[in-house]
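Shown next, in structure tokens, is the structure this report addresses.
2 protein chains.
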Amino acid sequence: MRLSTKGRYAVTAMLDLALNGKNGPVTLVEISENQGISLSYLEQLFAALRTKELVRGVRGPGGGYYLGKSADDISIANIICAVDEWVEFTRCGGRQNCSGGARCLTHTLWDDLSTEIFNFLADISLGDLVRRNLGKKDEEEKLTVVASSDSQAA
Amino acid sequence: MRLSTKGRYAVTAMLDLALNGKNGPVTLVEISENQGISLSYLEQLFAALRTKELVRGVRGPGGGYYLGKSADDISIANIICAVDEWVEFTRCGGRQNCSGGARCLTHTLWDDLSTEIFNFLADISLGDLVRRNLGKKDEEEKLTVVASSDSQAA
DNA sequence: GCATTTCCTACTAAATCACTTGGTAATTAG
DNA sequence: CTAATTACCAAGTGATTTAGTAGGAAATGC
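Chain order of the listed sequences is A and B. Heads up, the first sequence is in my numbering, so the first residue is -19 and it goes up one at a time. Heads up, the second sequence is in my numbering, so the first residue is -19 and it goes up one at a time.
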């Protein structure tokens, strides 16, 4: 599992999309302004997200991006893997007994931990995150309302 | 939270240390050979681990590294943070209401998730990993025996 | 004294990050 | 039809990170 800033940008952008995409597509320009990420970098990220069918693009005026599937069917692991490209760490190629025994033992331990981290992130969906926030809607809600009217005005 | 290959090297090396350091210190040369990591890179990683007191070095012949504290008191998050240096993602500096409202809402969501990932890794200790493996000691155990006698010979 | 080992600094090729530039293709509004 | 808007695509770029080299100095055991 790899969790870099690139993955964070992707998760953040997808969260923005999930939050603001309820009525109509969201443009990358909006996400760019909302999240402070450069437009072209977003394009690169969304190119990767699109090939994994996590988002769906609509061209032309009034276009933008939709989520490719339900927010409940998109896990954090899905997003990170889409942009960050899973790298195999253990050089022995998984389960084979490589050079020394201790090496492979450590690798097995790491591999187990790595799987656990992945499963943890695979278990959290975009929908979970959004709902988790809606649960504690107090001062946060006001921000959302201000934000949507604000972004329309700008 | 940041989980790069650098952090993986560190965790792997610390695992090696926990596994092989039960009787006497382990040299970086041994870890280097076991895990296929360059000696100087290990030195850099262990310099960071040492300042966080996760390892303790002993110079001279017969020297090497001990764990800085009990394997149960060293979490995976400890190790990763030591070498990878926690980077704050949200530019708004945490909880302030930055430029737009939607931005900070997304940031809050990400921040919560990030904390959750951290807690997950903070909850797994080196000792846990080692014991977890000792539980299923079948063909793995044979490898350990071969390895320790092997590394002594080399 | 000598070999071993940690400890320390500086340097480097390669990769990655985040972004810029400069487009093309599809779609809508007028 | 034209112009504006938006996704889509490719090449390049400075800054940073990665993983490693090189060349030591300081401590310690034999």
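Here a beta-carbon is modelled for each residue, glycine too, at the ideal position from N, C-alpha and C. These numbers come from a predicted model, not from an experiment.
Query	Result
Check the Cβ of residue -8 of chain B against every Cβ in chain A and list those closer than 7 Å, keeping chain order.	86, 90
Would you say residue 90 of chain A and residue -9 of chain B are within 9 Å of each other, going by their C-beta atoms?	yes
Using only the alpha-carbon positions, how far apart do residue -11 of chain A and residue 17 of chain A sit?	8 Å
Any C-beta of chain B sitting closer than 9 Å to the C-beta of residue 34 of chain A?	no
Taking the straight line between their C-alpha atoms, what separation do you get for residue 71 of chain B and residue 40 of chain B?	At residue 71 of chain B, the pLDDT of 49 sits below 50, so the modelled position is not reliable; the number obtained from the coordinates is stated separately. Looking at the two C-alpha atoms, the distance is approximately 46 Å.
Could you please give me the residues that DSSP links to residue 9 of chain A through a beta bridge?	Answer by DSSP bridge pairing: none, since residue 9 of chain A is not bridged.
Quick check on DSSP: helix, strand or coil for residue 44 of chain B?	strand
If you reduce the DSSP assignment to three classes, tell me which class residue 4 of chain A lands in.	coil
Start and end of the alpha helix (DSSP H) containing residue 30 of chain B?	19 to 31
Determine, using beta carbons only, whether residue 59 of chain B and residue 85 of chain B come nearer to each other than 9 Å.	no
With 9 Å as the threshold, decide whether the Cβ of residue 31 of chain B is near any Cβ in chain A.	no
Does the beta-carbon distance from residue 106 of chain A to residue -6 of chain A come in below 9 Å?	yes
Is the Cβ of residue 38 of chain A closer than 9 Å to any Cβ of chain B?	no
Straight-line CA distance for residue 92 of chain B to residue 42 of chain B?	46 Å
What is the rounded straight-line gap between the Cα of residue 108 of chain A and the Cα of residue 12 of chain A?	23 Å
For residue -15 of chain B, would you say it is in contact with chain A, using Cβ-to-Cβ distances shorter than 9 Å as the test?	yes
State the DSSP-derived secondary structure class of residue 37 of chain B, mapped to helix, strand or coil.	strand
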